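Enquirer:
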Amino acid sequence: MHAGHGLRSRTRDSFSRAFRKKGTIALATYLRTYHIGDYVDIIINGAVHKGMPHKFYHGRTGRVWNVTNHAIGVEVNKQVSNKIIRKRIHVRIEHVKPSRCNEEFRLRKKNNDLLKGEAKVKGVVISTKRKPEGPKPGFKVEVMVFLSLRSSSISPNKFTRANEHNEWCHARRKNNVVHCLGSSGNVTKSCGISSTLKERPTTLVTTTDHTTTLMDQGNMVVNDFVTHGIGIVKFLRGKNFFITGATGFLAKVLIEKILRTEPDIGKMYLLIKAENEEAAIERLQNEIINAELFRCLRQIHGKSYRAFMLSKLVPVVGNICESNLGLDEDTCDVIAEKVDVIVNSAANTTFDERYDTAININTRGPCRLMSIAKKCKNLKLFLQVSTAYVNGERHGRIMERPFSFGDCIARENSMSEVPSKVLPTLNIEGEINLVLNYNGNIEDDILAQKMRELGLERARKYGWQDTYVFTKAMGEMMIDKLREDIPVVIIRPSVIESTFREPFPGWMEGNRMMDPIVLCYGKGQLAGFLVDPNGILDVVPADMVVNAILAAMARHGMNQKPDMNVYQIASSVVNPLVFQNLAKLLHEHYSSSPCIDSKGRPIQVPLMKLFSNTKEFYDHLWLDAIKKSGLTNMTHSKGVSQKLENLCRKSVEQAKYLANIYKPYTFYGGRFDNSNTQKLIERMSEEENKEFGFDVKSIDWKNYITNVHIPGLRRHVMKGRGMGS
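First residue of the sequence shown? That's 347 in the numbering used here, and the numbers climb one at a time after it.
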């Protein structure tokens, strides 16, 4: 008689494959804390046979009713005949994972508590009960009928021969009128259709770049004349994004633009540095959902704004500086399964940052993110937000070229000037090992200073201005080395400043590159600066950078060719802003709208002096500091004079340091070509150019600086403090 099988027979065989696939168990499995009442998923781990539950329970969700040293008591619902009973079992912790089944409920409860708190303060009564989802918004379907044209006396063979002699006509649509063009390209009949031509049915064929081609019944191409642009909105629809640096200035503008333009996206998984999930949700609420930037979305969605935002934005607890981004296994699986586009906007932008810190974020961070990208099953594109200044100390017109691994700017410049001189190539692994193996026995303060000095020293040795752009350039090189067949787009904006138009003019967050100079000058604290008067300040508004990101994303995300494409979003070639013109604009603005001092009096500022000579600038700083401090007044006692002199020296040293940090940019000899960016603009339809415009040639600098940027700086950064009207 054949032996029967027990209840647990063949269970370990069913899941044995997992051991070979996943290997040893992560230490985090044993460090998790479970509480009675928590929801957990029973996921059998084939690597551990001890305490393995019956396969019936695999994939079930239950609540914790008991916690022991090595196991969790889980209560699951089990169907017996026509009843559902609560079955209590004990499962070893290797076979249990925290469940996310009530995550939406907890988010909704937290959101409802916030709404109730706001309503209580206002003294109104609100209902937080969920309402049924309404019907989808209607949309307009336009049907375009095209007529291909041919002569009644011309057969297909004759048409072919006519092609050879350039005697055919192009049928072009312009303002709904068909124009017949002869071989010279001149319009031969613009008022209608020739009597020798008759209608013939055509077929519309859409190619990959959204150009509509007309084909007649004889399968002859008439002309590619109807363009639908890149298809940015179409690409965004339904896509899931993984965005790093999500609480940063540029990423917020990107998130707002996507949600406002195409609310019907999937999810945005936002990497947020936080201790736990609750802290990440709190940062999401405070830094994104409650941010003033999103006020247009708040007006659009009204009372359902928070619910809409929480339904689209998913905070992911992690850190770009940690292995695997600090993500747990479950989160990694979700990202690998869902994400279509990865956007890396995480960066440390301090010019003189510690070398180890800058390398960890700007160079090794993209490597960690690329390893996540390789696990994504549906990835369309990896987009890296860089900076145009990764081109280092290159001169002249700088083209939009990706770096090759180990490129060295100093070597390029040296070879062009003294071909016989040989310099070593850049060894990125060597630079990473240099900071990892640096002497850790040095005191923290001394180590921090040495690391700052080391970063500037290594950057200038290889031909870059500072630690920031050097480590960002190495990050680009590492992406190219590791990407394999993943499509990559590198966006290189120059100096990103306040928004030009969207979602409203002048929004910004924190001091950008030129803002400390603008503010100090307006307050009368900076009468001059070390700068090339004829040099160019390369500035681009944040919303234009975001529009370029979305256009490039759609362009290459749909093609999915395993290429690496570079776009420089810059103004120095097509619409330069000269420093001496900027100084005049600042003087003009602060003369008509002066800042206010502590006594409520307007601060009058002279035209800013621009010094191209370092010694002259230092002399000016010292004389200006003495004059403002009153040190020239001989009635001061010796002790007071000494104190004032020390204060003067301190302020002068700070100004010198600031000038030295900015010097590589205020005397920058390169001009950023944007040919690829211009071609991208040309590919866009008229509607896309209106909604996603990023042509910097359209910027009127006088209007932008005086009516957009400085008012935005006063309103959003200074919050009106001492800035006058």
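Glycine included, each C-beta is placed from N, C-alpha and C at the ideal position. Since we're looking at a predicted model, the values are computed, not measured.
Three or more beta-carbon pairs under 8 Å between the stretch 661-672 and the stretch 642-652, yes or no?
Expert: no
Enquirer: Look at the alpha carbon of N1035 and the alpha carbon of S691, and state the distance between them as a whole number of angstroms.
Expert: The straight-line gap from Cα to Cα measures roughly 24 Å.
Enquirer: Please return the same chain residues whose Cβ sits closer than 8 Å to the Cβ of F957, not counting the five positions on each side in sequence.
Expert: The beta carbon of F957 is closer than 8 Å to those of G874, F875, L876, V877, F963 and H966 in its chain, skipping five residues each way along the sequence.
Enquirer: Under the three-state reduction of DSSP, which class applies to I435: helix, strand or coil?
Expert: strand
Enquirer: Identify every residue that forms a DSSP beta bridge with R743.
Expert: R1017
Enquirer: Taking the beta carbon of G1015 as the centre, do at least 16 other beta carbons fall within 10 Å, making it buried, or is it exposed?
Expert: exposed
Enquirer: Are the stretch 938-949 and the stretch 891-901 touching by the rule of at least three beta carbon pairs closer than 8 Å?
Expert: No, because fewer than three Cβ pairs between the stretch 938-949 and the stretch 891-901 fall closer than 8 Å, the two stretches do not touch.
Enquirer: Use the C-beta contact count for Y1077: other C-beta atoms within 10 angstroms, 16 or more gives buried, fewer gives exposed.
Expert: Only positions 347 to 1071 of the chain appear in the structure, and residue 1077 is not among them; the question remains open.
Enquirer: Is it buried or exposed for N783, if we count other Cβ within 10 angstroms and need 16 for buried?
Expert: Exposed, since its Cβ has fewer than 16 Cβ neighbours within 10 Å.
Enquirer: Any chance the stretch 791-806 sits against the stretch 696-705, with 3 or more Cβ pairs inside 8 Å?
Expert: Contact holds: three or more Cβ-Cβ distances are below 8 Å.
Enquirer: Whose CA, out of E421, F595, M1030 and F1013, lies closest to the CA of H332?
Expert: Look at the range of the chain in this structure, 347 to 1071, and you will see that residue 332 is not part of it.
Enquirer: Mapping DSSP to helix, strand and coil, what is A417?
Expert: strand
Enquirer: Using CA atoms only, rank isn't needed, just tell me which of M1030, L872, E602 and P887 is closest to N921.
Expert: P887
Enquirer: When we look at the beta-carbon of N565 and count the other beta-carbons within 10 Å, is it buried (16 or more) or exposed?
Expert: Its pLDDT being 42, under 50, N565 is placed unreliably by the model, and nothing is read from it.
Enquirer: Express the C-alpha separation of K930 and L953 in angstroms, rounding to a whole number.
Expert: 7 Å
Enquirer: Taking the DSSP output, what are the residues bridged to P948?
Expert: I942
Enquirer: Exposed or buried, what is R432 when buried is set at 16 or more other beta-carbons lying within 10 Å of its beta-carbon?
Expert: exposed
Enquirer: Who does L616 pair with in a DSSP beta bridge?
Expert: L616 has I589 and P661 as its beta-bridge partners, per DSSP.
Enquirer: Whole-angstrom Cβ separation of F749 and E822, contact assumed at under 8 Å?
Expert: 5 Å
Enquirer: Compute the beta-carbon to beta-carbon distance between N1020 and I915, rounded to the nearest angstrom, for a pair I have assumed lies under 8 Å.
Expert: For N1020 against I915, the beta-carbon gap comes to about 7 Å, under 8 Å, which counts as contact.
Enquirer: Keeping to the same chain, check which residues put their C-beta closer than 6 Å to that of L673; ignore five residues upstream and five downstream.
Expert: G664
Enquirer: Could you compute how far the alpha carbon of V815 sits from the alpha carbon of F697?
Expert: Going by the C-alpha atoms only, they are around 8 Å apart.
Enquirer: Just verifying my parser: in three-state terms, what is the DSSP assignment at M823?
Expert: It is helical.
Enquirer: Look at V912 and R1017 and say whether their C-beta atoms are less than 8 Å apart.
Expert: At the C-beta level, V912 and R1017 stay beyond 8 Å of one another.
Enquirer: Under a three-way DSSP split, which group does P922 fall into?
Expert: When secondary structure is reduced to three states using DSSP, P922 falls in the coil class, being assigned neither helix nor strand.
Enquirer: For M655, which residues in the same chain have their Cβ closer than 7 Å to its Cβ, ignoring the five residues on either side in sequence?
Expert: Within the same chain, I635 come within 7 Å of M655 by CB-CB distance, once the 5 residues on both sides are set aside.
Enquirer: Who does I430 pair with in a DSSP beta bridge?
Expert: Q425
Enquirer: Measure the beta-carbon distance from A897 to M745 and round it to whole angstroms, keeping in mind my assumption that it falls under 8 Å.
Expert: Incorrect: roughly 20 Å between the Cβ atoms, too far for contact.
Enquirer: Assuming K456 is part of the alpha helix (DSSP H), what are its boundary residues?
Expert: Where K456 is concerned, the enclosing alpha helix (DSSP H) starts and stops at E449 to K468.
Enquirer: For K603, which residues of its own chain have a beta-carbon under 6 Å away from its beta-carbon, when the five flanking residues on both sides are left out?
Expert: These residues qualify, in order along the chain: V892.
Enquirer: List the DSSP bridge partners of Q914.
Expert: R838
Enquirer: Name the DSSP bridge partner or partners of Y385?
Expert: Its beta-bridge partners are R409.
Enquirer: With H, G and I counted as helix, E and B as strand and the rest as coil, what does DSSP make of K443?
Expert: If DSSP states are grouped into helix, strand and coil, K443 belongs with the strands.
Enquirer: The alpha helix (DSSP H) that contains V781, what's its start and end?
Expert: I774 to L782
Enquirer: Could you tell me the alpha carbon to alpha carbon distance between V1042 and L643, rounded to whole angstroms?
Expert: 26 Å
Enquirer: Quick one: grab the DSSP three-state call for R874.
Expert: In the sequence as presented, Arg is not what sits at residue 874; that position holds Gly. It is a strand residue.
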